[in-house]
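See structure below.
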Amino acid sequence: MSEAVWLIIPAYNVEKHLDKLLSETSKFIPAERTVVVNDGSTDRLGAIAANHGVQVIVHSENMGKGKSLRDGFDYVTEIQGTWAITIDGDLQHDPARIPAFIAASENGKYDIIIGKRNRSGTKMPWDRRLSNGLSSLLLALVTGQKMEDVQCGYRMIRIASLKGLVFNRVSYDFETELLLKLVRKGSKVGWVEIPTKYAGEKSSIRRLPDTMRFLGLVGLYLARRL
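So the sequence shown is numbered by our numbering: it starts at 2 and just counts up by one.
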């Protein structure tokens with residue numbers, strides 16, 4: 002199974018983390034099955050990725066995390082990969098949990114497996130905890146499926162489940178669009194517990210506009226227009 006698993010890393014100006022991240026992920030998924038999407042970075046990210054021998058997709062300008070993920074999925078689809086794990090480039094996702102995702106995929110029950118962050122004893126701000134909790138509760142109510150941590154970007158997706166889906170979002174809301182469209186077509190969601198690695202970094206998520214986009218997607222889902 003592990004030979005059919007690819008890794009997608011959407012990355013923007015994370016040169017200080019990427020070398021360590023790729024060294025850690027290579028213990029579980031080799032460089033030839035790792036895709037770094039360089040989303041218009043202005044630092045040395047591209048050179049670091051090249052030094053590790055990974056596959057690199059380059060955006061000439063910053064186009065958003067969602068566009069990076071979409072391009073990564075398109076690449077893995079084209080080379081007929083079976084599964085893709087998505088992991089952020091800033092080391093907030095522990096690469097050591099990759100085997101847990103792979104193990105969860107092997108029972109054949111799930112089409113998407115999402116990290117469930119253990120927030121006890123962490124420095125995650127209360128507003129982010131509240132946002133994560135409320136968004137997960139709302140999606141559980143509208144989809145009828147158990148939703149633990151819908152804002153977590155550490156995921157594993159069965160590539161075949163993406164067939165026929167058309168995506169429009171290019172920012173962080175793509176992850177919600179992806180989840181809702183998969184659920185709409187009958188895909189099953191699984192969860193893997195992961196540690197929360199947060200040291201007070203400034204989030205690039207913009208609270209009000211991203212909340213409005215999230216609610217807009219929920220409205221489209223309820224109206225069966227998503």
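Using N, Cα and C, we set each Cβ at its ideal position, and we do this for glycine too.
Being a predicted model, the structure only gives us computed values, none of them experimental.
Opening and closing residue of the alpha helix (DSSP H) in which residue i lies
i	result
V184	F175 to R185
M213	R208 to L223
G1	Nothing can be reported for residue 1, as the shown portion of the chain is limited to 2 through 227.
G47	L46 to N52
P100	I99 to S106
DSSP three-state assignment for residue i, whether helix, strand or coil
i	result
P31	coil
K21	helix
R159	strand
R118	strand
E16	helix
I88	coil
N133	helix
V55	coil
V151	coil
L8	strand
V171	coil
Environment of residue i [buried if 16+ CB atoms lie within 10 Å]
i	result
M148	buried
E178	buried
E79	exposed
Q152	buried
S24	exposed
A104	exposed
P210	exposed
Rounded Cβ spacing between residue i and residue j (contact assumed at less than 8 Å)
i	j	result
Y111	V190	7 Å
Any non-hydrogen atom of the ligand FAD closer than 7 Å to residue i Cβ
i	result
G67	Although the ligand FAD was asked about, the structure shown includes no ligands whatsoever.
Residue i - containing beta strand (DSSP E), residue span
i	result
E194	V190 to P196
State whether the segment 19 to 31 contacts the segment 95 to 110, with contact taken as three or more CB pairs (one from each stretch) at a distance under 8 Å.
-> Note that the segment 19 to 31 touches the segment 95 to 110; at least 3 beta-carbon pairs, one per stretch, sit closer than 8 Å.
Assess, as a yes-or-no matter, whether the segment 3 to 20 is touched by the segment 37 to 56 under the definition of 3 or more beta carbon pairs within less than 8 Å.
-> With a cut-off of 8 Å, the segment 3 to 20 and the segment 37 to 56 count as touching, because enough Cβ pairs lie within range.
If you pair each beta-carbon of the segment 216 to 227 with each one of the segment 170 to 188, do three or more pairs fall below 8 Å?
-> Yes: at least three Cβ pairs fall under 8 Å.
Below 8 Å, can you find three or more Cβ-Cβ pairs linking the segment 69 to 89 to the segment 153 to 162?
-> Because the criterion of three Cβ pairs below 8 Å is met, the segment 69 to 89 and the segment 153 to 162 touch.
Contact the segment 53 to 64 vs the segment 101 to 119: 3+ CB pairs below 8 Å = Touching, no, given that fewer than three Cβ pairs across the two stretches are closer than 8 Å.
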